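Visitor: Using the numbering used here, the final residue of the sequence shown is 575, and nothing's skipped along the way.
For every residue, glycine included, the Cβ atom is placed at its ideal position computed from N, Cα and C.
On a predicted model such as this, the values are computed, not experimentally measured, just so you know.
Can you keep this structure in mind? I'll have questions shortly.
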Amino acid sequence: MSTFRFQHRLRVRWVEVDAQQVVFNGHYLTYLDVAVSEYWRQVGLPYPGAWQAMGADIYVRRNALDYHAPARLDDWLTVGVRAHRVGGSSLTLAWEARRGGQLLVDGEVVYVCVGLHDGRPMRLPEEARLQLEAFEAGGAAWIQHWGAWAEVQEAAAAVRRAVFIEEQGISDADEWDEDDARATHLVVSNLSGWPAATGRLIPGPQALEARIGRLAVQRSARGAGLGREVLLALVDDARARGFERVTLHAQCTAQALYASAGFQPVGEVFDEVGIPHQKMQLTL
């Protein structure tokens with residue numbers, strides 16, 4: 292697996308085993324599809340979000356694979372994926388599945404790029420080429436943008452609108468407030484500027500306290516670790532600016548993320564904009 296920077300682990304389920312007590316051959320394409328979805332996220336091209344922003348879509352044109360040994364129920368498989376060839380309007384990914392060090396299946400999948408609205412073949416966007424080249428060369432797929440609201444409003448608002456207003460049903464009146472103007476904002480985007488995650492740091496009512504808020508990650512980008520990246524970056528910024536503690540109102544469904552960074556619950560669960568929240572605090 293040393294030639295595959297990206298690797299995804301998955302476990303063989305009962306439903307995937309055939310009458311011969313081995314994984315049915317067609318399920319390896321499902322394993323590939325699962326791994327490729329995660330590959331797009333790690334590369335900085337979450338599907339479909341980042342592709343839609345480029346006005347593009349991709350279709351599978353060809354699959355080729357070779358079987359070397361069978362996988363069985365409860366095996367843990369590691370699926371490696373990499374960009375093998377980047378053509379004009381096509382992209383070939385090489386892949387393999389291993390159990391430990393044993394090669395089970397390998398092959399390649401060819402995608403063709405088409406226009407999002409007309410379905411006609413189009414050149415693979417330069418933004419996609421940039422992401423693939425950077426990732427496969429060992430570079431970063433995501434970059435951070437810091438600034439005042441006036442500087443990052445368009446990107447931060449795009450993420451918050453998608454997550455809080457469109458996905459969670461929070462009203463415009465509840466989403467935008469006066470804290471935006473006095474907060475420091477962080478936006479994480481891919482290399483071409485597609486905004487994937489955001490959060491803000493607000494000086495608290497007490498001089499040595501800051502508050503983190505509006506932490507959000509675009510749906511298609513979740514799973515790439517961007518929420519944790521934003522959270523830790525905001526905590527580091529608070530520490531560098533001399534704050535002694537950071538508080539936040541965590542949606543209860545996301546409480547584990549904040550707990551993993553050392554935040555502790557304070558008080559009881561409460562309702563905020565119709566969603567259960569828990570106040571949490573971190574001493575710096």
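Under DSSP, the beta strand (DSSP E) around residue 343 begins and ends at which residues?
Guide: Against the sequence shown, residue 343 aligns to sequence position 52. Segment 340–344 is the alpha helix (DSSP H) holding residue 343; no beta strand (DSSP E) there.
Visitor: Check whether the Cβ atoms of residue 352 and residue 402 sit closer than 8 Å, and answer yes or no.
Guide: What you label residue 352 is simply residue 61 of the sequence shown in a count that begins at 1. What you label residue 402 is simply residue 111 of the sequence shown in a count that begins at 1. Contact flag set, yes.
Visitor: For residue 447 and residue 483, I'd like the C-alpha separation in whole angstroms.
Guide: Working through the sequence shown from its first residue, we reach residue 447 at position 156. Working through the sequence shown from its first residue, we reach residue 483 at position 192. So the two alpha carbons sit approximately 15 Å from each other.
Visitor: Just the Cα atoms here: how many angstroms apart are residue 316 and residue 506?
Guide: Against the sequence shown, residue 316 aligns to sequence position 25. Against the sequence shown, residue 506 aligns to sequence position 215. Residue 316 and residue 506: Cα-Cα distance of roughly 42 Å.
Visitor: Would you call the stretch 304–314 and the stretch 464–483 in contact, with 3 or more CB pairs under 8 Å?
Guide: No, the stretch 304–314 does not touch the stretch 464–483.
Visitor: If you count every other CB in all the chains shown that lies within 10 Å of the CB of residue 299, and 16 or more means buried, which is it?
Guide: As a first step, residue 299 is located in the sequence shown; it is residue number 8 there, counting from the start. Looking at its Cβ environment, which holds 16 or more other Cβ atoms inside 10 Å, residue 299 is buried.
Visitor: Look at residue 356 and residue 324 and say whether their C-beta atoms are less than 8 Å apart.
Guide: Translated into positions along the sequence shown, residue 356 becomes position 65. Translated into positions along the sequence shown, residue 324 becomes position 33. No, Cβ-Cβ distance for residue 356 and residue 324 is not below 8 Å.
Visitor: On a CA-only basis, which of 404, 544, 449 is nearest residue 350? Give me that one, please.
Guide: Taking the first residue of the sequence shown as position 1, residue 350 is located at position 59. Per the Cα distances, 404.
Visitor: What number of angstroms, rounded off, separates the C-alpha of residue 563 from the C-alpha of residue 338?
Guide: Walking along the sequence shown from the start, residue 563 turns up at place 272. Walking along the sequence shown from the start, residue 338 turns up at place 47. Roughly 31 Å between the two C-alpha positions.
Visitor: Verify whether the separation of the beta carbon atoms of residue 503 and residue 490 is less than 8 Å.
Guide: As a first step, residue 503 must be located in the sequence shown, where it is residue number 212. As a first step, residue 490 must be located in the sequence shown, where it is residue number 199. Yes, Cβ-Cβ distance for residue 503 and residue 490 is below 8 Å.
Visitor: Taking only the alpha-carbon atoms, compute the straight-line gap between residue 512 and residue 533 and give it to the nearest angstrom.
Guide: Start at 1 with the first residue of the sequence shown, and residue 512 comes out as number 221. Start at 1 with the first residue of the sequence shown, and residue 533 comes out as number 242. Their Cα atoms are separated by approximately 32 Å.
Visitor: Since residue 401 is in the beta strand (DSSP E), which residue starts that stretch and which ends it?
Guide: Looking up residue 401 in the sequence shown gives position 110. Taken as a continuous stretch (DSSP letters only), the beta strand (DSSP E) holding residue 401 covers 393–406.
Visitor: What residue range does the beta strand (DSSP E) around residue 315 cover?
Guide: Counting from one through the sequence shown, the residue named residue 315 turns up at place 24. Premise fails: residue 315 is in no beta strand (DSSP E) and is neither H nor E.
Visitor: Run through the DSSP bridge pairs and tell me what residue 566 is partnered with.
Guide: Counting from one through the sequence shown, the residue named residue 566 turns up at place 275. Answer by DSSP bridge pairing, in chain order: 563.
Visitor: The alpha helix (DSSP H) that contains residue 546, what's its start and end?
Guide: Residue mapping note: residue 546 aligns to position 255 of the sequence shown, counting from 1. 546–551 is the span of the alpha helix (DSSP H), which, as asked, contains residue 546.
Visitor: According to DSSP, which residues form a beta bridge with residue 434?
Guide: Taking the sequence shown and counting its residues from 1, the one referred to as residue 434 is at position 143. Its beta-bridge partners are 480.
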